[in-house]
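Let me begin by presenting the structure, written as structure tokens, before commenting on it.
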Amino acid sequence: MGTAAGGAGSGPRYVQIADDLVQQIRAGVLKAGDMVPSESELVDRYGVSGGTIRKAMVEVRTSGLVETRHGKGSIVKNRPPVRHRSSDRFRRSLRQCGQAAYLAESAQSGATAKVSVLYIGPMDAPEDAAERLGVPAGTQVLARRRLYFRNGTPVETASSYLPWDVVKEIPELFAENPGGGGIYARLEDHGHEFAEFVETLQARPASKSEASELTLSPGAPVVHLIREARTTAGRVVEVCDTLMAADQFVFEYRIPADD
0 MGTAAGGAGS GPRYVQIADD LVQQIRAGVL KAGDMVPSES ELVDRYGVSG GTIRKAMVEV
60 RTSGLVETRH GKGSIVKNRP PVRHRSSDRF RRSLRQCGQA AYLAESAQSG ATAKVSVLYI
120 GPMDAPEDAA ERLGVPAGTQ VLARRRLYFR NGTPVETASS YLPWDVVKEI PELFAENPGG
180 GGIYARLEDH GHEFAEFVET LQARPASKSE ASELTLSPGA PVVHLIREAR TTAGRVVEVC
240 DTLMAADQFV FEYRIPADD
């Protein structure tokens, strides 16, 4: 199978090898769920050094066709990434139908989704979240921390911070399952009508602890997304700090062209 790379046109050898592996995946020679051959196997197959194979695998990973898990190697993805429709995912009509955004988006992509609640309770507000909520750093807030899985693999962590004076009268927000439509539906049930959601995204390498939590390779790309939920009264009633495995999500935005 290495002959295709050897006969490819110009370009560094590692790029030729990466192209060959990508073509094998797209042609179904390497099928969804298959392990990509190990570094030593690829060294023997292509007759190159381990360093060349490692460079080639960096290129293969950027194709989005494989996922690399620490200690397990690279696996051909069995599902396309979840399409994160940020322009639509927090529509009131979806909340009223009892749909949680992540679960609905995962289902649309054909994936099996699961949410694990790691912590719910009081916490001193981190500095950035406190600033966004308009309270002094260290002020007590309600924290809700979750770990999201897709086809059994952790792909996202999310920590929500909500003002204590808002949540103390809403017992559902202290439950693992706050009910249909999630925490936003419960907030609106208690008079906190939303006007908009503001998201800030930054792509960067994962830290060592972040890579461990999401079972990523050290330095793998992640998307750090922070969302503010703002009410019609002009108050931010939730800050959600989210870290997403970059290869698991596609972000889609609809931007009106009129004033």
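Quick note: the sequence shown, position 105, residue 104 per numbering that gives the first Met the number 0, numbers continuous. Cβ atoms here follow ideal geometry from the backbone N, Cα and C, with glycine treated the same way.
- Restricted to the region 119–179, the beta strand (DSSP E) segments that are unbroken, complete and at least 3 residues in length are 139–149 and 152–162, listed in chain order.
- The way I'd put it, the region 241–257 does touch the region 142–156; three or more beta-carbon pairs between them come closer than 8 Å.
- The shortest CA-to-CA distance from L200 to any of I24, T61 and E227 is the one to E227.
- Just so you know, the alpha carbons of V28 and I182 end up roughly 45 Å apart.
- Taking the C-beta atoms as reference points, G10 is found no nearer than 8 Å to S37.
- Exposure of A202 is indicated by the presence of fewer than 16 other C-beta atoms within 10 angstroms of its C-beta.
- Here I254 carries a coil assignment [DSSP, helix/strand/coil].
- The DSSP-derived three-state label of A219 is coil.
- Annotation: G179 to V114 spans about 14 Å, alpha carbon to alpha carbon.
- Under the three-pair Cβ rule at 8 Å, the region 45–56 counts as touching the region 9–23.
- Here the alpha carbons of T138 and S39 stand approximately 53 Å from one another.
- Runs of the beta strand (DSSP E) spanning 3 or more residues and lying entirely within the region 37–68 occur at 65–68, in chain order.
- Comparing alpha-carbon positions, the option among R253, I16, M56 and L215 lying closest to R44 turns out to be I16.
- Annotated as proximal: M122 and A142, with beta-carbon spacing under 8 Å.
- When the Cα atoms are used, L224 and E198 turn out to be separated by approximately 7 Å.
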